[in-house]
DNA sequence: TTTTATCCTACTGTTTAGGTAGGGTAAATG
DNA sequence: CATTTACCCTACCTAAACAGTAGGATAAAA
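Residue numbers (my numbering), protein chains in the order written: chain A, 35 to 170; chain B, 35 to 170.
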């Protein structure tokens, strides 16, 4: 299941990408337009800023803005920052690998085998999709 | 993330498929071999029986056994019984559809668009993989 | 009728998701 | 330089889901 955090984050990024000018947009404007709680969205945008996907400006006329062109923002980056691992089990994760404690031999594990395939097909989608593909 | 329930269920099914004879196997034997808590595995096998993937036999010499040939058991069935929806958001789920309450127009939603692609690529894996593909 | 092993309901502890609360800090404006 | 604006950051909270446990009921074989 995709968390609300990721879902809202994607919506916010799309909202920013859909604007013609890339000037700072206030949290409240995004929150209102996308039906997201102001405070929750604030914490999400903060995460995206720390992941270097968004820039921010304080004070009057401040807000958040994209740091890169939409077509340069890959879904792999976005999903990994907001959701964490893309793989369904840690033992097949490229960026968040962890060994299973119940599994003596990873290479003999049927779940491992299956989940590698799922990971690869999901990765293919995320690697071939940029923020620009989500806009209209 | 894949739940332990699904993970253990897959391991148990693979264990049964790897046996040369399809006679009833006790919970304890599977639990021991796969490092799964006996009681937890019991509840998982019960789920699989109710999903008509396993048969059971009570009393001495009893246990669980496959109801179909491994090559006839699709991953879509297994995952849906144990994990529930394959889609990452309910609004793109084929078998467990639900409308998002924050989304006025599904077709205009960027998350929807992306998640349909993910669902389709994951489905392709599960539809083309049977239990027989997980055995060795 | 005793033993074996599944069936089934209910309960419980831990973790995570999805927020809220409330003040701190930097920048623009006058 | 003071005020307003809007992001920055930590801590906290509640409900639900996950990952099991407990304990007995039931059915089949010996």
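For glycine and all other residues, C-beta sits at the position ideal for the given N, C-alpha and C.
Quantities reported herein were computed from a predicted structural model and do not represent experimental measurements.
Does residue i pass the burial test, meaning 16 or more other C-beta atoms within 10 Å, or should it be called exposed?
| i | result |
| --- | --- |
| residue 103(A) | exposed |
| residue 100(A) | buried |
| residue 51(A) | buried |
| residue 144(B) | buried |
| residue 147(B) | buried |
Go ahead and pull the three-state DSSP assignment for residue i.
| i | result |
| --- | --- |
| residue 90(A) | strand |
| residue 42(B) | helix |
| residue 110(B) | helix |
| residue 145(A) | helix |
| residue 100(A) | strand |
| residue 59(B) | strand |
| residue 164(A) | strand |
| residue 136(B) | coil |
| residue 85(B) | coil |
| residue 52(B) | helix |
| residue 120(B) | coil |
| residue 155(B) | helix |
| residue 75(A) | helix |
| residue 127(A) | coil |
Write down the C-beta distance between residue i and residue j rounded to the nearest angstrom, noting that I regard them as a contact closer than 8 Å.
| i | j | result |
| --- | --- | --- |
| residue 42(B) | residue 70(B) | 5 Å |
| residue 82(B) | residue 75(B) | So it is not a contact: roughly 10 Å between Cβ atoms. |
| residue 59(B) | residue 93(B) | About 14 Å; that fails the 8 Å criterion. |
| residue 156(B) | residue 40(A) | With a Cβ gap of about 16 Å, residue 156(B) and residue 40(A) do not count as contacting. |
| residue 49(A) | residue 67(A) | 6 Å |
| residue 37(B) | residue 85(B) | The Cβ separation is near 15 Å, so there is no contact. |
| residue 151(A) | residue 159(B) | 5 Å |
Between residue i and the rest of its own chain, which residues show a CB-CB distance below 8 Å, the 5 nearest in sequence each way excluded?
| i | result |
| --- | --- |
| residue 119(A) | 127, 129, 130 |
| residue 170(A) | 52 |
| residue 117(A) | 36, 37, 39, 40 |
| residue 140(A) | 125, 133, 134, 146 |
Going along the chain, which residues of its own chain have a beta-carbon closer than 6 Å to the beta-carbon of residue i, five neighbours each way excluded?
| i | result |
| --- | --- |
| residue 153(A) | 121, 126 |
| residue 46(A) | 64 |
| residue 123(A) | 149 |
| residue 168(B) | 48 |
| residue 134(B) | 125 |
| residue 56(B) | 99, 100 |
Excluding the 5 residues preceding and the 5 following residue i in the sequence, name in chain order all residues of the same chain whose CB lies nearer than 7 Å to its CB.
| i | result |
| --- | --- |
| residue 79(A) | 46, 61, 88, 98 |
| residue 72(A) | 61, 62, 65 |
| residue 105(A) | 164, 166 |
| residue 91(A) | 58, 97 |
Cβ contact check for the stretch 100 to 114 of chain A and the stretch 146 to 163 of chain A: 3 or more pairs under 8 Å: yes
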